[in-house]
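One structure below.
Residue numbers (this note's numbering), protein chains in the order written: chain A, 118 to 317; chain B, 118 to 317.
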């Protein structure tokens with residue numbers, strides 16, 4: 118089987134949410150496994166010296182409007198989140214710890230996290246909220262607590278962030294396949310074209 | 118007739134070049150005049166406090182690769198320019214001064230400038246190069262000199278930059294239509310969808 122598509126993203130990234138359905142469709146269509154890899158975008162930005170776009174007033178105004186419009190464009194439900202940016206470290210740790218136990222539960226959790234933050238306006242930096250969402254994905258209260266606060270989840274997330282920085286990820290979502298990087302939900306058509314052999 | 122599409126761009130922006138053919142097709146298709154408005158991206162960035170992406174090594178590496186690939190994706194000829202970024206103030210002044218005399222010559226000049234910079238690797242910040250390109254577009258040597266160095270071209274460009282800043286342009290290309298802004302060649306499908314009434 119051909120190599121995987123690594124889907125680097127931050128759980129608090131609207132453009133990652135917009136890309137979720139399409140990247141799984143692309144993976145299925147081209148026989149590529151899609152590896153979901155949440156990271157902390159602020160840590161990646163910091164390592165590369167990238168100024169967070171939402172810190173610049175003109176960009177923030179543009180992107181808040183573009184996010185709402187992009188959701189309509191992609192045909193996805195969307196409510197502006199309770200805060201942007203938001204620190205997604207507990208959510209990402211919980212994801213990696215859960216993936217150790219069950220890939221299916223981790224996948225269900227990721228979908229649940231995106232819906233909670235971008236549709237239901239829940240605060241996914243809140244431990245109690247995260248515990249409820251974990252339960253929705255079939256993860257026990259004890260496992261959720263251990264995932265958020267234990268050493269395993271923390272170590273797995275740290276390693277993911279280091280790898281993302283080493284792979285020169287510049288934002289969220291950023292897709293890596295066959296050594297080629299595609300940054301942004303707006304590069305999904307380029308990724309599809311690349312996999313179809315569009316590039317010589 | 119419905120309102121125009123203002124096409125804000127920098128003559129040294131690869132993504133503006135990639136958008137040129139498609140934006141004119143969209144304008145024709147939806148009966149919207151496309152107003153080409155070159156600006157100095159560095160001045161817009163400075164006014165908004167935006168860090169130029171090509172100043173960040175990880176972004177520069179990503180975008181240089183993405184530019185080459187995007188050209189293939191859009192089916193356009195492309196050679197990496199002699200330098201990026203490049204100050205396009207003489208080119209933009211020449212464009213505005215020429216547009217005062219003849220819209221057709223200015224349109225021919227714009228196409229010629231993009232081809233020279235992105236296909237032929239010419240330095241479009243050089244006065245002698247610009248004079249030759251102006252001649253190709255049917256602009257006399259005297260008019261070209263006056264356009265680059267006279268007060269009219271300078272004043273028109275300054276006004277364009279001020280208007281771009283007031284319209285909260287955040288990069289190049291940035292399209293404005295019916296009060297709605299679309300930033301990036303990758304937003305052309307969104308613009309098309311918007312004009313087709315896709316958004317409620």
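Note that the Cβ used here is the ideal one computed from N, Cα and C, for glycine as well. Every value quoted in this text rests on a predicted model; they were computed, and no experiment measured them.
| query | Shorter than 8 angstroms from the beta carbon of residue 236 of chain A to some beta carbon of chain B? | reply | The residue you call residue 236 of chain A lines up with position 119 of the first chain. Residue 236 of chain A does not count as touching chain B.
| request: Starting from residue 122 of chain A, follow the alpha helix (DSSP H) in both directions and report where the run begins and ends. | output: Along the first chain, one-based indexing puts residue 122 of chain A at 5. No alpha helix (DSSP H) holds residue 122 of chain A; the beta strand (DSSP E) holding it covers 122-126.
| query | From A:262, A:283, A:224, pick the residue whose C-alpha is nearest to that of residue 254 of chain A; which is it? | reply | As a working mapping, residue 254 of chain A is identified with position 137 in the first chain. Ranking A:262, A:283, A:224 by Cα distance to residue 254 of chain A puts A:224 first.
| said: Assuming the contact rule is C-beta atoms closer than 8 angstroms, residue 205 of chain A and residue 241 of chain A should be a hit. Round their C-beta distance to whole Å, please. | reply: The sequence position of residue 205 of chain A within the first chain is 88, counting from 1. The sequence position of residue 241 of chain A within the first chain is 124, counting from 1. Indeed, because the Cβ distance is near 7 angstroms, the residues count as touching under 8 angstroms.
| said: Taking 8 angstroms as the threshold (C-beta atoms), are residue 303 of chain A and residue 301 of chain B in contact? | reply: If you number the second chain from 1, residue 301 of chain B lands on position 184. If you number the first chain from 1, residue 303 of chain A lands on position 186. Yes, Cβ-Cβ distance for residue 301 of chain B and residue 303 of chain A is below 8 angstroms.
| request: Assign residue 296 of chain A to buried or exposed, taking buried as 16 or more other Cβ atoms, counted over all protein chains shown, within 10 Å of its Cβ. | output: If you number the first chain from 1, residue 296 of chain A lands on position 179. With fewer than 16 Cβ atoms within 10 Å of its Cβ, residue 296 of chain A is classed as exposed.
| Is the Cβ-Cβ distance between residue 163 of chain A and residue 121 of chain A less than 8 angstroms? | Locating residue 163 of chain A in the first chain gives position 46, where the first residue counts as 1. Locating residue 121 of chain A in the first chain gives position 4, where the first residue counts as 1. Contact: no.
| query | Quick one, which of A:174, A:177, A:197, A:218 has its alpha-carbon nearest residue 185 of chain A's? | reply | Against the first chain, residue 185 of chain A aligns to sequence position 68. Considering only alpha carbons, the answer is A:197.
| said: Since residue 261 of chain B and residue 277 of chain B should fall inside the 8 angstroms C-beta cutoff, what is the C-beta to C-beta distance between them, to a whole number of angstroms? | reply: Position 144 of the second chain, counted from the start, is the residue given in the question as residue 261 of chain B. Position 160 of the second chain, counted from the start, is the residue given in the question as residue 277 of chain B. No, residue 261 of chain B and residue 277 of chain B are not in contact; Cβ-Cβ is about 19 angstroms, not under 8 angstroms.
| Mapping DSSP to helix, strand and coil, what is residue 194 of chain B? | Here residue 194 of chain B refers to the residue found at position 77 of the second chain. Coil.
| query | How far does the beta strand (DSSP E) with residue 297 of chain A in it reach, from first residue to last? | reply | As a working note, residue 297 of chain A is residue 180 in the first chain. First-last of the beta strand (DSSP E) with residue 297 of chain A: 297-300.
| Taking Cβ to Cβ, would you say residue 190 of chain B is nearer than 8 angstroms to residue 307 of chain A? | Locating residue 190 of chain B in the second chain gives position 73, counting from the first residue. Locating residue 307 of chain A in the first chain gives position 190, counting from the first residue. Yes.
| said: For residue 130 of chain B, which residues in the same chain have their Cβ closer than 6 angstroms to its Cβ, ignoring the five residues on either side in sequence? | reply: Here the question's residue 130 of chain B lines up with position 13 in the second chain. Answer for residue 130 of chain B: 289, listed in chain order.
| said: Measuring CB atoms only, is the region 164-184 of chain B touching the region 164-181 of chain A, in the sense that at least three cross pairs come out at less than 8 angstroms? | reply: Note that the region 164-184 of chain B touches the region 164-181 of chain A; at least 3 beta-carbon pairs, one per stretch, sit closer than 8 angstroms.
| query | Given residue 284 of chain B, which residues of its chain have a CB within under 7 angstroms of its CB, disregarding the five upstream and five downstream residues? | reply | The residue given as residue 284 of chain B occupies position 167 in the second chain. Excluding positions up to five away in sequence, the list reads 293.
| At a Cβ cut of 7 angstroms, what residues of the region 281-298 of chain A count as close to chain B, listed as they run along the chain? | 285, 287, 298
| query | Just how far apart, CA to CA, sit residue 161 of chain B and residue 183 of chain A? | reply | Locating residue 161 of chain B in the second chain gives position 44, where the first residue counts as 1. Locating residue 183 of chain A in the first chain gives position 66, where the first residue counts as 1. Cα-Cα distance, rounded: 19 angstroms.
| query | Where does residue 238 of chain B land, buried or exposed, given buried means 16+ other C-beta within 10 angstroms? | reply | Residue numbering aside, residue 238 of chain B sits at position 121 when the second chain is read from its first letter. Exposed is the call here.
| said: For residue 147 of chain A, which residues in the same chain have their Cβ closer than 7 angstroms to its Cβ, ignoring the five residues on either side in sequence? | reply: Along the first chain, one-based indexing puts residue 147 of chain A at 30. Cβ neighbours of residue 147 of chain A beyond the five flanking positions: 312.
| Do the CB positions of residue 208 of chain B and residue 181 of chain B come within less than 8 angstroms of each other? | Here residue 208 of chain B refers to the residue found at position 91 when the second chain is read from its first residue. Here residue 181 of chain B refers to the residue found at position 64 when the second chain is read from its first residue. No, the pair does not count as a contact, with Cβ atoms beyond the cut-off.
| said: List, in chain order, every chain A residue whose beta-carbon is nearer than 8 angstroms to that of residue 130 of chain B. | reply: Counting from one through the second chain, the residue named residue 130 of chain B turns up at place 13. Per Cβ cutoff of 8 angstroms: no residues; residue 130 of chain B is ~16 angstroms from chain A at best.
| message | Can you tell me whether residue 268 of chain A is buried or exposed? The criterion is at least 16 other CB atoms within 10 Å of its CB, across all chains shown. | response | To locate residue 268 of chain A, count along the first chain from 1; it is residue 151. Under this definition residue 268 of chain A is an exposed residue.
| query | Going along chain A in order, which residues have a C-beta closer than 8 angstroms to the C-beta of residue 303 of chain B? | reply | Within the second chain, residue 303 of chain B is the residue found at index 186, counting from 1. In chain order: 301, 303, 304.
| query | Just reading off the beta strand (DSSP E) that residue 170 of chain A is part of, what are its end residues? | reply | Numbered from 1 along the first chain, position 53 holds the residue referred to as residue 170 of chain A. Taken as a continuous stretch (DSSP letters only), residue 170 of chain A belongs to no beta strand (DSSP E), as it is neither H nor E.
| query | According to DSSP, is residue 278 of chain A helix, strand or coil? | reply | Here residue 278 of chain A corresponds to residue number 161 of the first chain, with the count starting at 1. Helix.
| residue 318 of chain B - DSSP class collapsed to helix/strand/coil | A query on residue 318 of chain B cannot be resolved here, the shown segment of chain B reaching from 118 to 317 and no further.
| In angstroms, rounded to a whole number, what distance separates the CA positions of residue 136 of chain B and residue 179 of chain B? | Taking the first residue of the second chain as 1, we reach residue 136 of chain B at position 19. Taking the first residue of the second chain as 1, we reach residue 179 of chain B at position 62. Residue 136 of chain B and residue 179 of chain B have their alpha carbons spaced roughly 19 angstroms apart.
| task | Anything in chain A within Cβ reach of residue 178 of chain B, meaning under 7 angstroms, just list it in chain order. | result | If you number the second chain from 1, residue 178 of chain B lands on position 61. Per Cβ cutoff of 7 angstroms: 285.
| What is the residue span of the beta strand (DSSP E) that residue 202 of chain B lies within? | Start at 1 with the first residue of the second chain, and residue 202 of chain B comes out as number 85. Taken as a continuous stretch (DSSP letters only), residue 202 of chain B belongs to no beta strand (DSSP E), as it is neither H nor E.
| request: Quick one: measure Cβ to Cβ for residue 212 of chain A and residue 226 of chain A, integer angstroms, because I've assumed they're closer than 8 angstroms. | output: Position 95 of the first chain, counting from 1, holds the residue named residue 212 of chain A. Position 109 of the first chain, counting from 1, holds the residue named residue 226 of chain A. Indeed, because the Cβ distance is near 6 angstroms, the residues count as touching under 8 angstroms.
| field | alpha helix (DSSP H) segment containing residue 236 of chain B, residue limits | value | On the second chain, residue 236 of chain B is found 119 positions in, with the first residue counted as 1. Per DSSP, residue 236 of chain B belongs to no alpha helix (DSSP H) and is neither H nor E.
| query | What are the residues of the region 153-178 of chain B that lie near chain A, defined by any Cβ-Cβ distance shorter than 8 angstroms? | reply | 165, 166, 167, 168, 173, 174, 175, 176, 178
| message | Which residue marks the beginning of the alpha helix (DSSP H) containing residue 284 of chain B, and which one marks its end? | response | As a working note, residue 284 of chain B is residue 167 in the second chain. Element bounds for residue 284 of chain B: n/a, residue is neither H nor E.
| message | 8 angstroms is my cut-off, CB to CB: does residue 190 of chain A come that close to chain B? | response | Along the first chain, one-based indexing puts residue 190 of chain A at 73. At least one CB atom of chain B sits nearer than 8 angstroms to the CB of residue 190 of chain A.
| said: By DSSP's criteria, residue 153 of chain B is part of a beta bridge. Which residues make up the other side? | reply: Within the second chain, numbered from 1, the residue matching residue 153 of chain B stands at position 36. According to DSSP, residue 153 of chain B bridges with B:124.
| message | For residue 259 of chain B and residue 229 of chain B, what's the separation of their Cα atoms in angstroms? | response | Taking the second chain and counting its residues from 1, one reaches residue 259 of chain B at position 142. Taking the second chain and counting its residues from 1, one reaches residue 229 of chain B at position 112. About 19 angstroms.
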